[in-house]
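J.: Counting in UniProt numbering, the sequence shown tops out at residue 298, every number present.
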Amino acid sequence: MTAEALAYVILWASAAIATKFGLRSAPPLILASLRFTIAGLALMGGRCFLRQPLIPPRAWWTTLVFLGGMNTTVYLGASFLALSVVPAGLFNLFVSVNPLMVLIMEQVILALPVSRVQALGLSVATGGLVVGAWQAIVHFRTPLWGIGLLLLGQAAMAAGSVLFNTSKINLSPAVINTWQLAAGAALLWPIALVTEGAEPVQWNGFLWGSLLWLAGAVSIGAMLLWFHLLKRGGTRRASFWLLLTPIMGYGLGFVLLGESITLADLFATALVIVGIVMGQWSSNAGQPPHATTTPLRQ
């Protein structure tokens, strides 16, 4: 399981790196729309090739559109926009705290209790994000709107997670991922064309390499690995490996993009990891209070 988990973490963290390369050739929302379309069509083609049912039951269409809007259009659309100005390492730092964002959404929407340990963990992780954001603003001259888009994206992803867990949707992960990608692309394309339609797109190696990696290795490969990890080790063990994501994100950013790593980055990462560990554990039984996951990790 260790090799598979490490492969997943690398794929998870590499999404921001591949996006950075793709942004050299295409505007953010156009790039995101292309990625979702390619991944969705590939998944549909795979289901047709395997002679599996393609169209989901009508009863779940509204849920799938909402999941696509939250997990794909808003979360990843905002993420692609943010990555045009935000370092890849900081992006992965924000992504790693999504389970704690889910705790907030569950408390606000479902009125589920949050233990003192979880609240303290959330505070510690938030402190890490503040340190990381401050470092990006000062060192990389990252604009505040980029940080705001990261927060918007994580809030949308958390809302999608809450819906996914409360809807009790009885479709396979492959079907859910296929149609939320398709729905997300359909919702995002009009926005992308209106706001970025006049901007040039360079159909070069950077663009095709980015799209193939994001659609194949991340949207499809990482998804399959994630659910394999959930099946073999359960949510608790699988989620623990995500603690390596910010570390891997900063490392890949340093090696592939030349992004610097400072003591503030390391301190922020340490705070976030400690906060996540605390937030995932109940103060009563020592077990994760909510096994929350979503069908699309990135």
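For every residue, glycine included, the Cβ atom is placed at its ideal position computed from N, Cα and C.
Keep in mind it's a predicted model, so treat the numbers as computed, not measured.
In the segment 103 to 170, which residue ranges form an unbroken alpha helix (DSSP H) of at least 4 residues, counting only runs that do not cross its ends?
T.: You should have 116 to 139 and 144 to 167.
J.: Can you name, in chain order, every residue of its own chain whose Cβ lies under 7 Å from the Cβ of Thr-73, other than the five neighbours on each side?
T.: Counting from 1 along the sequence shown, the entry for residue 73 is found at position 73. Counting only Cβ-Cβ distances below 7 Å, and skipping sequence neighbours, we find Gly-184, Leu-187 and Leu-188.
J.: Which same chain residues, not among the five before or five after Gly-253, have their C-beta less than 7 Å away from its C-beta?
T.: On the sequence shown, position 253 is the one that residue 253 refers to. Taken in chain order, the residues that qualify are Ile-17, Pro-87, Ala-88, Gly-89 and Glu-259.
J.: By DSSP, does Pro-200 sit in helix, in strand, or in coil?
T.: Stepping through the sequence shown from its first residue, residue 200 is reached at position 200. Note: Pro-200 maps to coil in three-state DSSP.
J.: Going by C-alpha distance, which of Leu-11, Ala-5, Gly-132 and Ser-172 is nearest Leu-43?
T.: Here residue 43 is taken as the residue at index 43 of the sequence shown, counted from 1. That would be Ser-172, whose Cα lies nearest to the Cα of Leu-43.
J.: Can you tell me the Cα-Cα spacing of Leu-207 and Leu-54, whole angstroms?
T.: Stepping through the sequence shown from its first residue, residue 207 is reached at position 207. Stepping through the sequence shown from its first residue, residue 54 is reached at position 54. Roughly 29 Å separates the two Cα atoms.
J.: Let me know the secondary structure DSSP gives Ala-291 once reduced to three states.
T.: Translated into the one-based positions of the sequence shown, residue 291 becomes position 291. Note on Ala-291: pLDDT 42, under 50, position unreliable in the model; the coordinate value appears next. Here Ala-291 sits in coil by DSSP.
J.: For the alpha helix (DSSP H) containing Glu-259, list its first residue and its last residue.
T.: Taking the sequence shown and counting its residues from 1, the one referred to as residue 259 is at position 259. It is not in any alpha helix (DSSP H) - Glu-259 carries neither H nor E in the DSSP assignment.
J.: Roughly how many angstroms separate the alpha carbons of Tyr-8 and Gly-249, rounded to a whole number?
T.: Numbered from 1 along the sequence shown, position 8 holds the residue referred to as residue 8. Numbered from 1 along the sequence shown, position 249 holds the residue referred to as residue 249. Taking the straight line from one Cα to the other gives about 12 Å.
J.: For Gly-197, count the other beta carbons within 10 Å of its own beta carbon; 16 or more makes it buried, fewer makes it exposed. Which is it?
T.: Within the sequence shown, the letter at position 197 stands for residue 197. Answer is exposed; the Cβ neighbour count stays below 16.
J.: Look at Val-117 and Gln-107 and say whether their C-beta atoms are less than 8 Å apart.
T.: Residue 117 sits at position 117 when you count from the first residue of the sequence shown. Residue 107 sits at position 107 when you count from the first residue of the sequence shown. Not closer than 8 Å, so no.
J.: Between the Cα of Pro-57 and those of Trp-179, Gly-146, Val-162 and Leu-149, spot the shortest distance and give me the residue it belongs to.
T.: If you number the sequence shown from 1, residue 57 lands on position 57. Nearest C-alpha to Pro-57: Trp-179.
J.: Starting from Ala-215, follow the alpha helix (DSSP H) in both directions and report where the run begins and ends.
T.: For the purposes of this step, residue 215 is taken as residue 215 along the sequence shown, with counting starting at 1. Per DSSP, Ala-215 belongs to no alpha helix (DSSP H) and is neither H nor E.
J.: Whose C-beta lies closer than 7 Å to the C-beta of Asn-98 among residues of the same chain, with five residues either side of it excluded?
T.: Counted from its first residue, the sequence shown places residue 98 at position 98. If we look at Asn-98 and ignore the five residues flanking it on each side, its Cβ neighbours are Gln-154, Met-157 and Ala-158.
J.: How would you label Val-272, buried or exposed, when you count the other beta carbons within 10 angstroms and need 16 or more for buried?
T.: Along the sequence shown, one-based indexing puts residue 272 at 272. With a threshold of 16 other beta carbon atoms within 10 Å, Val-272 meets it and is buried.
J.: Tell me the rounded alpha-carbon separation between Leu-152 and Thr-262.
T.: Your numbering for residue 152 matches position 152 in the sequence shown. Your numbering for residue 262 matches position 262 in the sequence shown. Rounded to whole angstroms, Leu-152 to Thr-262 spans 26 Å at the Cα level.
J.: Counting along the chain, where does the alpha helix (DSSP H) carrying Arg-35 start and finish?
T.: One-based indexing of the sequence shown puts residue 35 at position 35. Arg-35 -> alpha helix (DSSP H) spans 28 to 49.
J.: Cα separation between Phe-267 and Gly-128?
T.: Walking along the sequence shown from the start, residue 267 turns up at place 267. Walking along the sequence shown from the start, residue 128 turns up at place 128. The alpha-carbon of Phe-267 is positioned some 7 Å away from that of Gly-128.
J.: In whole angstroms, what is the alpha-carbon distance linking Trp-203 and Leu-120?
T.: As a working mapping, residue 203 is identified with position 203 in the sequence shown. As a working mapping, residue 120 is identified with position 120 in the sequence shown. Here the C-alpha atom of Trp-203 lies approximately 48 Å from the C-alpha atom of Leu-120.
J.: Measuring only the C-alpha atoms, how far is Ala-82 from Ala-26?
T.: The residue given as residue 82 occupies position 82 in the sequence shown. The residue given as residue 26 occupies position 26 in the sequence shown. C-alpha separation (whole angstroms): 14 Å.
J.: Give every residue of the same chain whose Cβ lies closer than 6 Å to the Cβ of Ala-182, excluding the five residues on either side of it in the sequence, and list them in chain order.
T.: Counted from its first residue, the sequence shown places residue 182 at position 182. Cβ neighbours of Ala-182 beyond the five flanking positions: Gly-40.
J.: Answer with buried or exposed for Asn-284, where buried requires no fewer than 16 other C-beta atoms within 10 angstroms of its C-beta.
T.: Sequence index remark: in the sequence shown, residue 284 carries index 284 (1-based). The predicted position of Asn-284 is uncertain, since its pLDDT is 40 and thus under 50; a value taken from the coordinates is nonetheless stated next. By the neighbour-count rule (16 or more Cβ atoms within 10 Å), Asn-284 is not buried but exposed.
J.: What separation, rounded to the nearest whole angstrom, lies between the Cα atoms of Leu-296 and Ile-38?
T.: Position 296 of the sequence shown, counting from 1, holds the residue named residue 296. Position 38 of the sequence shown, counting from 1, holds the residue named residue 38. Confidence at Leu-296 is low in this model, with a pLDDT of 49, below 50, so its placement is unreliable and the value that follows should be read with caution. Cα to Cα, Leu-296 sits roughly 15 Å from Ile-38.
J.: Leaving out five residues on either side along the sequence, give the residues of the same chain with a beta carbon under 7 Å from the beta carbon of Leu-23.
T.: As a first step, residue 23 is located in the sequence shown; it is residue number 23 there, counting from the start. Leu-31, Leu-83 and Ser-84, listed in sequence order.
J.: Within its chain, find whatever has a CB closer than 8 Å to the CB of Trp-241; leave out the 5 residues flanking it on each side and keep chain order.
T.: As a position in the sequence shown, residue 241 is number 241, starting the count at 1. Cβ neighbours of Trp-241 beyond the five flanking positions: Ala-5, Leu-6, Tyr-8, Val-9 and Leu-229.
J.: Please name the residue, chosen from Ala-222, Ala-136 and Ile-276, that lies closest to Leu-11 on a Cα-to-Cα basis.
T.: As a first step, residue 11 is located in the sequence shown; it is residue number 11 there, counting from the start. Per the Cα distances, Ala-222.
J.: Just verifying my parser: in three-state terms, what is the DSSP assignment at residue 331?
T.: No information on residue 331 is available, as it lies outside the stretch 1 to 298 that the chain covers here.
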